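What follows is a short report on a single structure.
Numbering (this note's numbering), first residue to last: 2 to 81.
Next comes the structure, spelled out in structure tokens:
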């Protein structure tokens, strides 16, 4: 669902921009600097930021779960 503010620019220093930089760092760790930089450079509006968040969050959550499972196996822990 579109938000009426989707066309507004993302302001530097805003909480949204800070969150986007955190996502970019995770994106860079998963796919490399070039892909992350190219994708991040396309974000100008709040709508584009929302789209980036919607693209990245499922991937990041899957990666987090995969790493948790690896740690559990490495430490011999039982699944929760």
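The beta carbon of each residue, even a glycine, is placed where N, CA and C say it ideally should be. Everything numeric in this text was worked out from a predicted model, so none of it was measured.
Reference residue i; option with closest CA among the options
i: residue 27; options: 69, 16, 58 and 8; result: 58
i: residue 18; options: 48, 36 and 30; result: 48
i: residue 63; options: 73, 16 and 31; result: 31
i: residue 15; options: 71, 38 and 50; result: 50
Endpoints, the alpha helix (DSSP H) within which residue i is located
i: residue 1; result: Residue 1 lies beyond the stretch modelled for the chain, which goes from 2 to 81, so this question has no answer here.
i: residue 64; result: 47-76
Rounded distance between the beta-carbons of residue j and residue i, thought under 8 angstroms
i: residue 5; j: residue 46; result: Rounded, the Cβ-Cβ distance is 12 angstroms, inconsistent with contact.
Burial state of residue i, where buried means 16 or more other Cβ atoms lie within 10 Å
i: residue 73; result: exposed
i: residue 37; result: buried
i: residue 65; result: exposed
i: residue 84; result: Given a span of 2 to 81 for the chain in the structure shown, any question on residue 84 remains unanswerable.
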